[in-house]
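For the sequence shown, our numbering gives the first residue as 2, with consecutive numbering after it. Note that the Cβ used here is the ideal one computed from N, Cα and C, for glycine as well. Computed from a prediction, not measured in an experiment: that's the story for all the values here.
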Amino acid sequence: MKRFAIVVIIILCALLQTSFGQDSSDVVLRGIWDLEVWGWEFWGTNDFCFYEDYLFATGWDNLLSIVDISEPENARIVCRFVPENTGIKVDVWGDYAYVSTQRVCFVIDVTDITSPQVTDTLQSSLHKVGDNNAISAFGSSILLYDLSTPDRPEKIDEIESQPTVFRPEIKIKDNYAFIIGVTPDDPENSGVQIWDLSDFQNPDQIANIQGFFTTIEVENDLLVAVTTWPHFILYSIDDPANPDLLASHNFSAEFPAELLLDNSKIYVPNQERNEQNELIDGINVWDVTNPDRPERTTFYTDVDDFDVYMQFEIYNGLGYLSKLSGSIEIIDFSDYDNVRSIKHLNRHEHCDEIVVTDNYALTTSNVDGNSRGARYFTLENDIPGSDFGYLNHDIRRTLPVVEDDFIAISRELSYWSLSDESSYEMVSSLDLSPEFGLDIDKYDDLMYVTIQHGFKIFDISDPENM
């Protein structure tokens with residue numbers, strides 16, 4: 002499921018992967034590497050990428066950290082480099098890292114990984130096109146670069162365009178670039194410009210979608226553009242020179258709308274105003290199976306106690322809407338002529354997160370602002386049924402790993418498994434204090450846990466010999 006959200010992402014997830022396949026009761030977790038970065042210098046990660054045996058990470062600390070992960074048991078920071086300002090985006094192509102900040106883009110030679118050198122400074126972040134070309138946007142100009150000399154990318158053209166300011170976000174699809182331009186108070190000269198880069202030396206602007214947009218997403222032959230007011234527009238770009246308006250909807254929302262794309266359906270939980278200017282709570286659903294004739298299948302308004310929703314997810318065709326009050330409403334979207342609420346999980350506690358294992362639904366809780374736990378429900382025909390149990394344990398995030406087992410983080414890392422068909426038991430745990438886990442994810446046979454001042458890597462590939 003691809004997720005679009007008009008939100009500022011505070012913590013970028015680190016990567017992790019787990020591999021089990023044996024009796025989980027034998028699992029003993031052992032941290033093989035702690036990327037502990039001292040003091041205040043490493044508060045979160047904005048962006049990172051893997052290249053060969055190294056991880057390149059930019060953080061809120063204005064540093065580019067280069068980590069040798071060739072031997073995970075002995076992973077180490079080989080260099081911490083201070084380019085300038087907070088690194089927002091990092092890419093590594095060949096022997097060069099391109100680190101974009103709020104002001105410029107640094108080209109950094111990492112041939113000697115222990116002693117990177119800035120070889121050039123560009124005006125804005127690069128977006129690669131093909132093997133040896135890149136495009137950038139800065140001010141009112143579109144910049145084209147030749148990467149044949151990667152240490153000093155050659156600017157081969159600077160094209161002045163109508164919008165006063167281009168947003169640095171650029172989407173590349175095949176040989177086409179989609180760029181947002183903004184001219185204040187002038188919607189006719191603002192919008193999404195579409196450029197044909199087939200002949201990179203002679204790019205051609207082939208279309209412009211007028212309007213004020215905050216972000217765009219491109220997938221297959223669809224472009225979703227989100228406007229400055231909660232409003233989305235869906236275009237077919239099967240022929241990029243002639244984008245075809247498929248759908249447009251003004252949410253009149255009191256808070257930014259969130260878009261979820263799942264199985265050719267767009268789901269938008271939001272509040273809209275009716276003709277009497279009253280707020281109506283609901284979930285919009287658009288069917289884009291036929292991109293030439295998208296169909297708004299429903300605006301489901303029979304949502305109880307909508308208040309400020311915390312999270313909306315789709316699992317197996319069911320919508321899970323968690324709310325500030327603590328309840329979770331489960332909505333069946335299988336029949337769009339009869340969308341209905343089929344279950345309420347009334348927990349009387351703040352709900353942070355919903356995940357679904359093979360047979361259970363797990364929800365993490367914030368009971369009083371400090372105490373956290375996890376409640377789990379049986380799945381009956383894919384629908385959470387009875388309140389199966391509550392884990393009175395400090396749990397902030399959970400990650401299903403195999404069957405119904407899951408890993409949880411808080412001030413410790415813990416592994417949970419069904420002892421029988423009646424209760425979960427904590428198989429093992431590892432203290433993370435004085436830090437606490439912010440996020441977890443998986444990559445190969447390693448598990449990466451983001452903490453306050455960096456992240457930790459755990460090897461759980463061999464359950465019997467961690």
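Span separating the alpha-carbon of residue i from that of residue j
i           : j           : result
residue 333 : residue 131 : 43 Å
residue 186 : residue 58  : 38 Å
residue 356 : residue 365 : 9 Å
residue 129 : residue 191 : 24 Å
residue 162 : residue 56  : 37 Å
residue 240 : residue 195 : 11 Å
residue 318 : residue 296 : 18 Å
residue 314 : residue 283 : 14 Å
residue 392 : residue 337 : 36 Å
residue 113 : residue 77  : 16 Å
residue 141 : residue 412 : 48 Å
residue 170 : residue 199 : 20 Å
residue 109 : residue 217 : 29 Å
residue 439 : residue 417 : 18 Å
residue 23  : residue 116 : Unreliable positioning characterises residue 23 in this predicted model, as indicated by a pLDDT of 31, which lies under 50. The coordinate reading is nonetheless provided below. So the alpha carbons of these two residues sit roughly 43 Å apart.
residue 173 : residue 434 : 43 Å
residue 458 : residue 450 : 6 Å
residue 303 : residue 277 : 18 Å
residue 245 : residue 151 : 38 Å
residue 201 : residue 91  : 23 Å
residue 268 : residue 119 : 45 Å
residue 288 : residue 330 : 22 Å
residue 299 : residue 215 : 25 Å
residue 375 : residue 431 : 18 Å
residue 98  : residue 67  : 10 Å
residue 400 : residue 105 : 37 Å
residue 65  : residue 378 : 43 Å
residue 343 : residue 126 : 47 Å
residue 168 : residue 184 : 11 Å
Where residue i falls: helix, strand or coil (DSSP)
i           : result
residue 457 : strand
residue 161 : strand
residue 435 : coil
residue 401 : strand
residue 218 : strand
residue 33  : Any answer about residue 33 is weak, because its pLDDT of 35 lies below 50 and its placement is not dependable; what the coordinates show is given next. Reduced to three states, the DSSP call for residue 33 is strand.
residue 189 : helix
residue 395 : coil
residue 370 : Bear in mind that the predicted position of residue 370 carries a pLDDT of just 49, short of 50, making it too unreliable to give a figure here.
residue 202 : coil
residue 364 : strand
residue 153 : coil
residue 184 : coil
residue 148 : coil
residue 297 : strand
residue 114 : coil
residue 133 : coil
residue 96  : coil
Per DSSP, the bridge partner or partners of residue i
i           : result
residue 124 : Paired residues: none, contrary to the question.
residue 477 : Because residue 477 is not part of the residues shown, which for the chain are 2 to 467, the question remains open.
residue 277 : Paired residues: none, contrary to the question.
residue 209 : 194
residue 179 : 172, 195
residue 314 : 321
residue 68  : 56, 78
residue 236 : 224, 246
residue 429 : 416
residue 333 : 319, 341
residue 355 : 364
Classification of residue i by the beta-carbon crowding that lies within 10 angstroms, buried from 16 upward
i           : result
residue 204 : buried
residue 180 : buried
residue 182 : buried
residue 280 : exposed
residue 51  : exposed
residue 157 : exposed
residue 143 : buried
residue 95  : exposed
residue 398 : buried
residue 189 : exposed
residue 290 : exposed
residue 137 : buried
residue 148 : buried
residue 209 : buried
residue 122 : exposed
residue 135 : buried
residue 248 : buried
residue 323 : buried
Any chain D beta carbon closer than 9 Å to residue i
i           : result
residue 100 : The displayed structure is made up of one protein chain only, and chain D is not part of it.
Cβ pair count under 8 Å reaching 3, the region 214-224 against the region 234-245: yes
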